[in-house]
Ligand code: ADP
Ligand code: MG
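So this is what it looks like as structure tokens:
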């Protein structure tokens, strides 16, 4: 079953002085449950493509079907509703709220999803437990290591039970052990809950784990490799 279908997606950044053709006629289909990485050099358009797929930004032209809905013609409000309900985000710089504890950070997104407070708290606690952070639930981000903060970010991304998690260079600021640990967690969530994962990364650790590797170069997909494997767990 198809989760994401892009047809002739273009993105042109322009202002008064110049314009830059960032994504060029991208055609791409991603199935539900796939574990995919978009690789490619810096500046090739990975973040721009992820932002469009994650409904944080709009393409200049082309058609985008997300979970069978044509999102290319929707209003920003309608897009925001779909984003909150169906998509989780993990960023390179974690982007946790510094004044909220791990538990409160995990609960945060669910506030927008209309769940009542008790259910939110319960769901957040379960989610933190599933990422191995139950003991640290009352710590603030500054009291957690980089790897732990990124696990909170994953908990936050999955707490509302999204269909898709988009992760932009999620391991870029992590040491090897934390990176492998985080990847194991995402592989497990993919396997156990069927969440579709889409990463951008030029980290070989991420690329080796993926089921499918797309190479982006100058705004075009120059290769699309589906490996004959499930996403890999690595013994630590
Ligand atoms: P990557 O994530 O692969 O490093 P990006 O998607 O961030 O690449 O950027 C691709 C290209 O688009 C870069 O040349 C970048 O400078 C340009 N770009 C990204 N965002 C904007 C923007 N808002 N305005 C103008 N140019 C942009
Ligand atoms: Mg980027």
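Numbering (the working numbering), first residue to last: 514 to 749.
Just so you know, even glycine gets a beta-carbon here, dropped at the ideal spot from N, CA and C.
Everything numeric in this text was worked out from a predicted model, so none of it was measured.
Distance CB(residue i)-CB(residue j) smaller than 7 Å
i	j	result
residue 550	residue 720	yes
residue 558	residue 523	no
residue 732	residue 536	yes
residue 517	residue 539	no
residue 795	residue 724	Here the chain has residues from 514 to 749 only, and residue 795 is not among them.
residue 712	residue 703	no
Residue range of the unbroken alpha helix (DSSP H) whose run includes residue i
i	result
residue 574	Element bounds for residue 574: not the alpha helix (DSSP H) but the beta strand (DSSP E), 574-579.
residue 516	Here residue 516 belongs to no alpha helix (DSSP H); instead the beta strand (DSSP E) covers 515-527.
residue 640	630-643
residue 591	589-599
Pairwise C-alpha distance: residue j and residue i
i	j	result
residue 616	residue 515	33 Å
residue 742	residue 734	22 Å
residue 661	residue 650	11 Å
residue 564	residue 681	9 Å
residue 600	residue 570	14 Å
residue 568	residue 581	14 Å
residue 475	residue 706	The shown model of the chain, from 514 to 749, leaves out residue 475, and the question about it has no answer.
residue 608	residue 653	13 Å
residue 525	residue 685	27 Å
residue 639	residue 736	39 Å
residue 696	residue 637	20 Å
residue 529	residue 572	19 Å
Three-state secondary structure (DSSP) of residue i
i	result
residue 558	coil
residue 622	helix
residue 714	coil
residue 740	coil
residue 614	coil
residue 745	coil
residue 582	strand
residue 733	strand
residue 541	strand
residue 706	helix
residue 609	coil
residue 563	helix
residue 569	coil
Element boundaries [beta strand (DSSP E), containing residue i]
i	result
residue 725	725-730
residue 549	548-552
**OP:** Identify every run of the alpha helix (DSSP H) within the segment 654-697, keeping only runs that are complete inside it and at least 4 residues long; order them along the chain.
**Re:** 659-672
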